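One structure is given here, and the rest of the page talks about it.
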């Protein structure tokens, strides 16, 4: 499964949750855009919303069930939820295993 | 750019026929009773247990699984999402009660198995169910405790500790999900005549019941009456609590 497909899914999830996540309508985000943690716009409520939607979209659009609450998410030096790019990398790994 | 989340509580007005409830441990006992009770009220009910169910009702869907098995639980919740597109209520009823034994004779495997079903199953089903509740900003979760967690009966360490874990965990989880319109409480019944309570020595059970204001076995109807209150749309302010039946 390519990172490109995962990227599309995650961007589409963020698009869908723009209001809930607090992104302004015309805000342009990239793989470097911070999500959660220092400098990130999401609080824990926003992160949970994003996690739920990403899991469901990965299943619906790529046919793979993943659980983002994986032990590795907590043990990595760099949080997979830090930026859109780290989230793409992390989801890609989980989706490959799924 | 701060994330925007409202603390608004949605009181939904769907008729009972479109309400969806998941109950664990529906092959017998309290779980089976609750499944039949809510089916009779018109709810769509999904049940699960390790063994098949003999509930026959067009509104009932049964999954054979281990509630502590993450992929199996995930698969069931995925099926619920695809079939109903929502989940309003979760009753975490599944539990096991190993034979009474003092701690010095309790095996590690026995302790682990008890925690797996009673606690890890509750955590896992709740975690996955909330994913279907969050988008609707409504959910009611009822976990099942026990008077054992209050009376601390010798020989019941595994069951008691696993239920005490459910009580503490519920208080934390309730705080984490309240902003999504979801409540989470514990119903702790007094002993009710089921296969589970039948595993307890009758004389010992009688002794324990004497400690309650109501020193008798409870009824299934007492449980559904309390669950009805907790899952009511208007019960949004009742969360993180343990409610005992039988005057414990």
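Chains as they are written, first to last, in this note's numbering: chain A, 21 to 118; chain B, 188 to 435.
Cβ coordinates follow ideal geometry from the N, Cα and C atoms, glycine included.
Computed from a predicted model, the values in this text were never measured in an experiment.
Review point. Between B/433, B/409, B/431 and B/416, which lies nearest to residue 425 of chain B when the distance is taken from Cα to Cα?
Key: Along the second chain, one-based indexing puts residue 425 of chain B at 238. That would be B/416, whose Cα lies nearest to the Cα of residue 425 of chain B.
Check your understanding: Between the region 244 to 270 of chain B and chain A, which residues of the former have CB atoms less than 8 angstroms from a CB of the latter, in chain order?
Key -> Residues passing the 8 angstroms Cβ filter: 257, 258, 261, 262, 265 and 268.
Point to revise | Under the three-state DSSP convention, the category residue 298 of chain B falls into | key: Stepping through the second chain from its first residue, residue 298 of chain B is reached at position 111. DSSP, read as helix, strand or coil, puts residue 298 of chain B in helix.
Check your understanding: By Cβ distance, which residues of its chain are closer than 7 angstroms to residue 263 of chain B, with the 5 residues on each side in sequence left out?
Key -> Within the second chain, the letter at position 76 stands for residue 263 of chain B. Closer than 7 angstroms at Cβ, skipping near neighbours: 235, 250 and 252.
Point to revise | Candidates B/343, B/391, B/326 and B/383: closest to residue 278 of chain B by CA position | key: Sequence index remark: in the second chain, residue 278 of chain B carries index 91 (1-based). It is B/326 whose Cα lies nearest to the Cα of residue 278 of chain B.
Exercise for review: Would you verify that the beta carbon of residue 220 of chain B is, or is not, closer than 9 angstroms to some beta carbon of chain A?
Suggested key: As a first step, residue 220 of chain B must be located in the second chain, where it is residue number 33. It does not: the Cβ of residue 220 of chain B has no partner Cβ on chain A nearer than 9 angstroms.
Check your understanding: Based on the DSSP secondary-structure assignment, which residues constitute the bridge partners of residue 327 of chain B?
Key -> Sequence index remark: in the second chain, residue 327 of chain B carries index 140 (1-based). Paired residue(s): B/276 and B/370.
Practice item. Anything in chain A within Cβ reach of residue 324 of chain B, meaning under 8 angstroms, just list it in chain order. Key: Looking up residue 324 of chain B in the second chain gives position 137. Against chain A, a Cβ distance below 8 angstroms from residue 324 of chain B picks out nothing, because the smallest value is about 10 angstroms.
Point to revise | chain A contact residues for residue 233 of chain B, given Cβ-Cβ distances below 7 angstroms | key: For the purposes of this step, residue 233 of chain B is identified with residue 46 of the second chain, where counting begins at 1. Neighbours of residue 233 of chain B on chain A: none; closest Cβ ~18 angstroms, over 7 angstroms.
Exercise for review: Give the interface partners of residue 89 of chain A over in chain B, defined as CB-CB distance under 8 angstroms, in chain order.
Suggested key: The count along the first chain starts at 1 and reaches residue 89 of chain A at position 69. Neighbourhood of residue 89 of chain A in chain B, by CB distance below 8 angstroms: 314, in chain order.
Exercise for review: Kindly indicate the opening and closing residues of the alpha helix (DSSP H) around residue 77 of chain A.
Suggested key: For this step, residue 77 of chain A is matched to residue 57 along the first chain. Per DSSP, residue 77 of chain A is one residue of the alpha helix (DSSP H) stretching across 64 to 82.
Review point. Is residue 367 of chain B near the ligand FAD, judged by its Cβ being under 8 angstroms from some heavy atom?
Key: Of ligands this structure carries none, so the ligand FAD is not represented either.
Point to revise | residue 237 of chain B burial status per 10 Å Cβ neighbour count (16 or more: buried) | key: In the second chain, residue 237 of chain B corresponds to position 50, counting from 1. Per the 10 Å Cβ criterion, exposed.
Check your understanding: Are the C-beta of residue 94 of chain A and some C-beta of chain B separated by less than 9 angstroms?
Key -> Counted from its first residue, the first chain places residue 94 of chain A at position 74. Judged by the 9 angstroms Cβ criterion, residue 94 of chain A is not in contact with chain B.
Practice item. Would you kindly report the start and end of the unbroken beta strand (DSSP E) that includes residue 249 of chain B? Key: As a working mapping, residue 249 of chain B is identified with position 62 in the second chain. Note, residue 249 of chain B: beta strand (DSSP E), 247 to 251.
Point to revise | When B/412, B/377 and B/355 are compared against residue 401 of chain B, the one with the closest alpha-carbon | key: Within the second chain, numbered from 1, the residue matching residue 401 of chain B stands at position 214. Sorting B/412, B/377 and B/355 by C-alpha distance to the C-alpha of residue 401 of chain B places B/377 at the top.
Review point. Under the DSSP definition of a beta bridge, which residues are partnered with residue 405 of chain B?
Key: Locating residue 405 of chain B in the second chain gives position 218, counting from the first residue. For residue 405 of chain B, which the question treats as bridged, DSSP gives the partners B/379.
Exercise for review: With residue 209 of chain B as the anchor, note down where its beta strand (DSSP E) starts and where it stops.
Suggested key: Locating residue 209 of chain B in the second chain gives position 22, counting from the first residue. Here the beta strand (DSSP E) through residue 209 of chain B covers 207 to 211.
Review point. Nearest CA to the CA of residue 369 of chain B: which residue from B/309, B/433, B/301 and B/274?
Key: As a first step, residue 369 of chain B is located in the second chain; it is residue number 182 there, counting from the start. Minimum Cα distance to residue 369 of chain B is reached at B/274.
Point to revise | Residue nearest to residue 71 of chain A in terms of C-alpha spacing, selected from A/56, A/50 and A/118 | key: For the purposes of this step, residue 71 of chain A is taken as residue 51 along the first chain, with counting starting at 1. For the residues A/56, A/50 and A/118, the minimum Cα distance to residue 71 of chain A belongs to A/56.
Exercise for review: Identify whether residue 338 of chain B lies in helix, strand or coil by the three-state DSSP scheme.
Suggested key: Numbered from its first residue, the second chain carries residue 338 of chain B at position 151. Three-state DSSP puts residue 338 of chain B in a helix.
Check your understanding: How many Å lie between residue 92 of chain A and residue 109 of chain A at the Cα?
Key -> As a first step, residue 92 of chain A is located in the first chain; it is residue number 72 there, counting from the start. As a first step, residue 109 of chain A is located in the first chain; it is residue number 89 there, counting from the start. Each residue's CA atom was taken as its position, placing residue 92 of chain A and residue 109 of chain A some 13 angstroms apart.
Check your understanding: Taking C-beta to C-beta, are residue 284 of chain B and residue 331 of chain B nearer than 9 angstroms?
Key -> One-based indexing of the second chain puts residue 284 of chain B at position 97. One-based indexing of the second chain puts residue 331 of chain B at position 144. No.
Exercise for review: Closer than 8 angstroms by beta-carbon distance: list the chain A residues that pair up with residue 328 of chain B, in chain order.
Suggested key: As a first step, residue 328 of chain B is located in the second chain; it is residue number 141 there, counting from the start. In chain order: nothing, as chain A lies at least about 15 angstroms away.
Review point. Pairing CB atoms from the region 374 to 393 of chain B with CB atoms from the region 213 to 228 of chain B, are three or more of them under 8 angstroms?
Key: Taking one beta carbon from each stretch, the region 374 to 393 of chain B and the region 213 to 228 of chain B have 3 or more pairs nearer than 8 angstroms; the two touch.
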